[in-house]
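2 protein chains.
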Amino acid sequence: MFTDMAEFSQRNQPIESRNDTRARILDAAELLFTAHGLETTTLRMITGAAGVNLAAVNYHFGSREALIEEMFRRRLTWLNQERLRALDDFEAMAQGAPLKPRQIVEAFFGVALRMAADVNGGGRDFMRLLGRTYTEPSDFVRGFLAEEYAAVIARFKAALIKALPDVPRAEILWRFHFMLGAMSYAISGADALHIVDDGTLHDTDAEALYARLMSFLIGGLRAPLPEISVKKPRYKKAA
Amino acid sequence: MFTDMAEFSQRNQPIESRNDTRARILDAAELLFTAHGLETTTLRMITGAAGVNLAAVNYHFGSREALIEEMFRRRLTWLNQERLRALDDFEAMAQGAPLKPRQIVEAFFGVALRMAADVNGGGRDFMRLLGRTYTEPSDFVRGFLAEEYAAVIARFKAALIKALPDVPRAEILWRFHFMLGAMSYAISGADALHIVDDGTLHDTDAEALYARLMSFLIGGLRAPLPEISVKKPRYKKAA
DNA sequence: ATCAATTTCAAACAGGTGTTTGAGTATTGG
DNA sequence: CCAATACTCAAACACCTGTTTGAAATTGAT
């Protein structure tokens with residue numbers, strides 16, 4: 036699969052003091068989980084690629100699930116901090132006024148796309164994995180994913196509601212959800228697009244993708260409201 | 036827009052003479068694969084839920100993979116035929132003139148959403164599974180998925196290009212891809228949305244979802260083009 | 001009713017999974 | 001320098017996976 040594992044480890048440096056066994060496992064795990072999926076990738080594949088003993092995973096992380104969780108967390112906490120920082124900056128600039136929708140979208144999705152474009156740091160692999168994982172039915176993954184996202188989503192939801200006072204809350208939440216889907220596909224697109232593709236399309240340029248997705252997201256977010264958006268009387272369902 | 040859901044369910048129903056062992060396996064498989072994922076669901080879970088012997092799967096389908104493939108095909112061929120039929124109708128009406136983008140989106144995504152809303156016939160479970168699977172890294176799934184989709188995608192791509200002569204081809208393909216992502220999340224949304232949700236949002240009404248997604252998709256599709264859409268010189272990368 | 005084909009069933013198979021063990025080896029602090 | 005801690009390693013553990021087998025039951029046509 037990999038032509039040269041040593042070269043890979045070297046290229047895929049950051050976040051932790053490399054060559055430490057822990058870090059080598061995490062790096063190999065990220066790559067393999069992305070390539071083969073969360074369920075299909077075995078510990079023996081990971082330890083093999085990382086060049087460490089099989090038992091090292093359980094020694095350093097406790098279990099397979101704990102490894103997965105830590106692999107997600109080390110990237111996700113950084114990503115979400117960055118998102119909040121971007122939002123903070125915009126809000127500081129706005130001095131209490133509502134942000135422009137484009138700024139909010141930029142803070143949330145732009146930061147993620149920029150991380151996804153970071154091929155060297157391995158961010159690209161991770162974002163592809165993350166996009167897929169968001170709808171995965173595995174309980175424990177969805178559990179800590181929700182936990183890790185809760186605060187960030189709340190902030191961005193509030194900002195969007197403030198920025199679009201004429202749009203009903205429910206509408207905003209759904210559109211945020213749709214945007215997540217578009218981003219997920221955008222990131223894993225380089226692989227999946229061969230289904231849509233007839234060969235003309237191989238522009239994986241990150242900057243172009245960013246511009247494309249951004250236009251699409253803003254267009255969807257600012258689209259005219261659906262006609263049937265007026266709610267039926269909201270009585271409780273009969274038990 | 037939804038003329039009659041009962042009629043739809045009826046038309047969508049049987050596909051096979053129910054209560055046959057084959058059909059019971061397929062139904063149970065659909066439900067369980069949706070709930071637990073393609074990789075995690077075991078044959079023993081399926082045969083257990085279907086109330087048939089373990090060996091029945093290999094007897095009737097040959098292998099686990101063959102079961103998965105047939106499970107996808109029986110729904111997917113019908114869905115895609117329906118999509119093409121809808122597109123044919125619109126094109127017949129247009130009499131050679133380009134379709135309106137809304138019609139094309141309606142034919143592709145509207146039909147899918149209507150299938151996803153068909154709770155009785157099990158269409159909902161299937162569409163949730165399908166949306167997740169589209170980006171899955173499993174080789175054999177992606178293989179026959181691409182095969183099953185190829186003709187349909189080609190038709191819709193052509194229709195979109197004809198309908199939007201001012202938009203570059205690559206742009207259209209990407210936006211189609213983004214729309215697929217939004218739809219995927221829209222369908223699996225009832226489950227995934229608790230991440231975005233704070234409790235206010237439990238409107239899983241299919242009709243409302245349809246209207247919401249439709250507005251979003253059209254908005255994204257018709258968004259102003261990104262500025263950087265002019266291509267850099269397309270020389271080959273140096274090896 | 002009979003025979004042959006089809007379908008079911010319990011049991012076993014070979015192979016892969018995450019995890020544990022206990023003896024080894026490095027590394028570190030006093 | 002030595003003891004104590006941290007880490008590595010090969011082997012084994014118990015369990016679960018998809019698939020196969022050969023006999024039993026069911027079905028359908030003559």
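Listed in order, the protein sequences are those of chains A and B. Adding 35 to a residue's 1-based position in the first sequence gives its number in the working numbering. Adding 35 to a residue's 1-based position in the second sequence gives its number in the working numbering. Ideal Cβ positions, reconstructed from N, Cα and C, are used throughout, including at glycine. Quantities reported herein were computed from a predicted structural model and do not represent experimental measurements.
So, is residue i buried or exposed, given that buried needs 16 or more other C-beta atoms within 10 angstroms?
i: N88(A); result: exposed
i: S219(B); result: buried
i: V154(A); result: exposed
i: Q116(B); result: exposed
i: E171(B); result: buried
i: T186(B); result: Inspection of the sequence shows that residue 186(B) is occupied by Ala rather than by Thr. Exposed.
i: A90(B); result: exposed
i: Q130(B); result: exposed
i: G178(A); result: exposed
i: A258(B); result: buried
Less than 8 Å separating the beta-carbons of residue i and residue j?
i: P133(B); j: A198(B); result: yes
i: L111(B); j: R190(B); result: no
i: L260(A); j: P136(A); result: no
i: R59(A); j: A85(A); result: yes
i: I222(B); j: V140(B); result: no
i: E175(A); j: E65(A); result: Note that residue 175(A) is Phe in the sequence shown, not Glu. No, these two residues do not count as a Cβ contact at 8 Å.
i: F213(A); j: K192(A); result: no
Between residue i and residue j, what straight-line distance do the alpha-carbon atoms span, to the nearest angstrom?
i: A243(B); j: L78(B); result: 37 Å
i: L102(A); j: F96(A); result: 6 Å
i: G216(B); j: M128(B); result: 29 Å
i: L119(B); j: S250(A); result: 29 Å
i: R247(A); j: A241(B); result: 29 Å
i: I262(B); j: L73(A); result: The sequence shown places Glu at residue 262(B), not Ile. Cα-Cα distance, rounded: 37 Å.
i: Y169(A); j: L180(A); result: 8 Å
i: L208(B); j: A194(B); result: 12 Å
i: E105(A); j: E182(B); result: 37 Å
i: D55(A); j: S98(A); result: 18 Å
i: F68(B); j: L164(B); result: 7 Å
i: G83(B); j: T75(B); result: 15 Å
i: V92(B); j: Q138(A); result: 53 Å
i: G157(B); j: W113(A); result: 40 Å
i: Y184(A); j: Y94(B); result: 46 Å
i: I196(A); j: V202(A); result: 8 Å
i: L61(B); j: I188(A); result: 38 Å
i: P200(A); j: R149(A); result: 29 Å
i: R57(A); j: R57(B); result: 48 Å
i: S173(B); j: S173(A); result: 17 Å
Since residue i contacts residue j with CB under 8 Å, what's their CB separation in whole angstroms?
i: I81(A); j: A70(A); result: Not quite, the Cβ-Cβ distance comes to about 11 Å (not below 8 Å), so this is no contact.
i: R159(A); j: A151(A); result: 5 Å
i: F125(A); j: A142(A); result: 6 Å
i: G145(A); j: Y245(A); result: 7 Å
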